[in-house]
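K.L.:
Got a structure here, written out as structure tokens. Questions coming.
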Amino acid sequence: GQNKFYELQSLVVMPDHVHIVFRLQEYLLPEVMKGIKGVTANIINQYRKNKGERVWQEESFDRIIRDEREWLETMKYIEENPLKSGLTSENERYPYLWAIGMN
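With the numbering used here, letter number 41 in the sequence shown gets 782, and the count goes up by one each step, no holes.
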């Protein structure tokens with residue numbers, strides 16, 4: 742089978758930052774983050790028609806979720822982030838939000 746680096750759980754793209762939750766699959770977090778940042782920086786720079794311009798900060802705020810309660814709290818935080826930031830209303834779905842189990 743194909744090697745998976747991670748299993749995506751949730752993702753939200755905000756105007757100035759990104760929240761992503763994933764389950765590691767036999768790889769170390771720094772390796773996975775380097776890959777995600779590298780691929781997305783290339784795509785963003787192609788879209789912006791920039792070459793090699795820095796997209797991501799060196800530092801990221803990585804956390805390991807240790808139990809189901811923390812996982813549920815984190816998923817709720819990510820899902821509510823666009824609403825709390827005023828980017829969407831209760832009645833509309835934020836287009837840059839995805840979570841496992843969402844339609």
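Backbone N, C-alpha and C fix where the C-beta goes; we use that ideal spot for every residue, glycine too.
On the DSSP letters alone, give me the boundaries of the beta strand (DSSP E) that residue 762 sits inside.
P.N.:
759-765
K.L.:
Given that a residue counts as buried once 16 or more other Cβ atoms are within 10 Å of its Cβ, and exposed if not, what is residue 838?
P.N.:
Buried, by the Cβ-count rule.
K.L.:
What does a CB cutoff of less than 6 Å around residue 773 pick up in its chain, not counting 5 residues either side in sequence?
P.N.:
746, 747
K.L.:
Please state if the CB of residue 840 and the CB of residue 806 are separated by a distance shorter than 9 Å.
P.N.:
no
K.L.:
Taking just the CA atoms, how far does residue 764 sit from residue 775?
P.N.:
16 Å
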